[in-house]
Amino acid sequence: MASRLHFDVKMGTVELSLFLCLLIFLGIFRLFLLGLLFVSFYVLVENQRHKVKAFYEKMEPKAVELLDVLRNMNLAIDAKVSLLNSMKSDIKQKNVPGSDCTDLETFSAPR
1 MASRLHFDVK MGTVELSLFL CLLIFLGIFR LFLLGLLFVS FYVLVENQRH KVKAFYEKME
61 PKAVELLDVL RNMNLAIDAK VSLLNSMKSD IKQKNVPGSD CTDLETFSAP R
């Protein structure tokens with residue numbers, strides 16, 4: 001009772017040449033590690049997709065508001081700096097590591 005499995009794999013010349021070039025330059029072991037790395041990143045991204053989407057939906061209105069304020073030429077510099085400082089304090093209250101806030105701190109620091 002052998003089951004008949006038929007895999008129809010069509011590989012074009014571009015895919016075949018890319019695979020052969022990677023095999024020649026990287027070797028079998030490195031190519032295997034590269035494939036394993038790709039699969040692990042793919043699984044990681046697919047498992048975290050819903051969290052990233054929820055984070056994006058939550059942060060998008062804040063980013064749009066910040067960009068609107070920064071692009072508004074009628075607002076004073078003090079108003080723009082105060083908005084940046086309030087966003088920075090919101091980030092720090094949510095226990096974001098300090099290394100992630102360095103760009104905001106250097107941008108909003110008085111000179």
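Read in order, the letters of the sequence shown correspond to residues 1 to 111 in the UniProt record's numbering. Glycine included, every Cβ here is placed at the ideal spot set by N, Cα and C.
Under 8 Å between the Cβ atoms of Met87 and Leu67?
Here the question's residue 87 lines up with position 87 in the sequence shown. Here the question's residue 67 lines up with position 67 in the sequence shown. Contact: no.
Euclidean distance between Cα positions of Val43 and Leu22
Here residue 43 refers to the residue found at position 43 of the sequence shown. Here residue 22 refers to the residue found at position 22 of the sequence shown. Those two C-alpha atoms are separated by around 22 Å.
Pull up the distance between the alpha-carbon of Glu15 and that of Leu33, whole angstroms please.
Translated into positions along the sequence shown, residue 15 becomes position 15. Translated into positions along the sequence shown, residue 33 becomes position 33. Approximately 19 Å, taken between the alpha carbons.
Can you check whether the CB of Val69 is closer than 8 Å to the CB of Lys58?
Counting from one through the sequence shown, the residue named residue 58 turns up at place 58. Counting from one through the sequence shown, the residue named residue 69 turns up at place 69. In this structure, Val69 does not lie closer than 8 Å to Lys58 by Cβ.
Residues near Gly35 in its chain [Cβ-Cβ closer than 6 Å; skip 5 each side]:
For this step, residue 35 is matched to residue 35 along the sequence shown. Only residues of its own chain outside the window of five on either side were considered, and among them none has a CB closer than 6 Å to the CB of Gly35.
What first and last residue would you give for the alpha helix (DSSP H) that runs through Ala79?
As a first step, residue 79 is located in the sequence shown; it is residue number 79 there, counting from the start. Counting along the chain, the alpha helix (DSSP H) containing Ala79 begins and ends at Ile77 to Gln93.
What residue does the alpha helix (DSSP H) around Asn47 start on, and which one ends it?
As a position in the sequence shown, residue 47 is number 47, starting the count at 1. Its alpha helix (DSSP H) spans residues Thr13 to Arg71.
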